[in-house]
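If you're matching positions, the sequence shown starts at 1434 in this note's numbering and goes up one per residue. Heads up, the beta-carbon is just placed ideally off N, CA and C, and yes, glycines get one too. Presented below is the structure to which this report refers.
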Amino acid sequence: MHAHRVFAGCDQTFVITHRPSCPPGSFSATGLQPCTICPAGKYQGKAEGKVCEPCMQGKYSEEGSSDSCTPCPAGRYQNESRQTFCYDCDAGSFWSPTGAEPCNRCPLGQFSVARNSSTCSLCPAGTFSSMLSPACVSCGPGFVSSQDGSSTCSACSPGYFKNESGAATCEPCLPG
């Protein structure tokens, strides 16, 4: 599409040809039409763009919607540039605030059982978590954890017992 304007004045007449520039999300080596849509994983945020820029870590874009890159939502990440998607955080881990690094493992004594978690929760009393499991594990018979957020279970003291799993307290042994 061309637009022409004719100016006449004094002794001269001249024509200025104006070609519309490429819209955001597309590019042209000359900055003018014909324009090419930015491929997935890249963007062009301005009109008259001559190249598409890669989406940085923690962001992504799909083809045709790339006038900017979209940050990875909570519970997802992307640790490479020029990408079209974000990875899900696995159970037992949680989102890093930038979305640019792999998800962080939940600290000892905490858990996340669902994928795409943005936070971890404290293991309830009577359970614990270790680096080996994304979920809390019940303390076995004879062992307890009395507080939320435990990373280990403790054996009942001499003279005390607990026959059930998942206990927060031990009971005194009966005489005899």
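Nearest to residue i (by Cα), restricted to the options the options
| i | options | result |
| --- | --- | --- |
| G1599 | S1554, C1606 and V1577 | V1577 |
| P1472 | G1592, C1539 and S1459 | S1459 |
| S1554 | A1533, S1584, P1530 and Q1477 | S1584 |
| P1530 | G1542, N1512 and V1546 | N1512 |
| G1559 | A1588, G1592, C1485 and S1545 | A1588 |
| P1535 | G1592, Y1593, S1461 and Q1490 | Q1490 |
6 angstroms Cβ shell around residue i - same chain, five flanking residues per side excluded
| i | result |
| --- | --- |
| P1487 | K1475, S1514 and R1515 |
| S1501 | Y1476 and G1478 |
| F1461 | As written in the sequence, residue 1461 is Ser, which differs from the Phe given in the question. So the qualifying residues of the chain are C1455 and C1468. |
Pair within 8 angstroms by beta-carbon distance, residue i and residue j
| i | j | result |
| --- | --- | --- |
| C1569 | P1557 | yes |
| R1538 | Y1520 | no |
| S1551 | F1518 | no |
| C1606 | K1595 | no |
| C1455 | G1482 | yes |
| C1505 | G1532 | yes |
Identified DSSP bridge partners for residue i
| i | result |
| --- | --- |
| F1518 | Beta-bridge pairing links F1518 to no other residue. |
| A1600 | V1577 |
| K1475 | P1487 |
| T1560 | S1571 |
8 angstroms Cβ shell around residue i - same chain, five flanking residues per side excluded
| i | result |
| --- | --- |
| C1586 | F1561, C1572, G1573, F1576, V1577 and S1578 |
| P1608 | none |
| G1582 | G1542, Q1543, L1555 and C1556 |
Neighbourhood of residue i by C-beta, 7 angstroms cutoff - its chain only, sequence neighbours within 5 removed
| i | result |
| --- | --- |
| E1496 | I1470, P1472 and A1473 |
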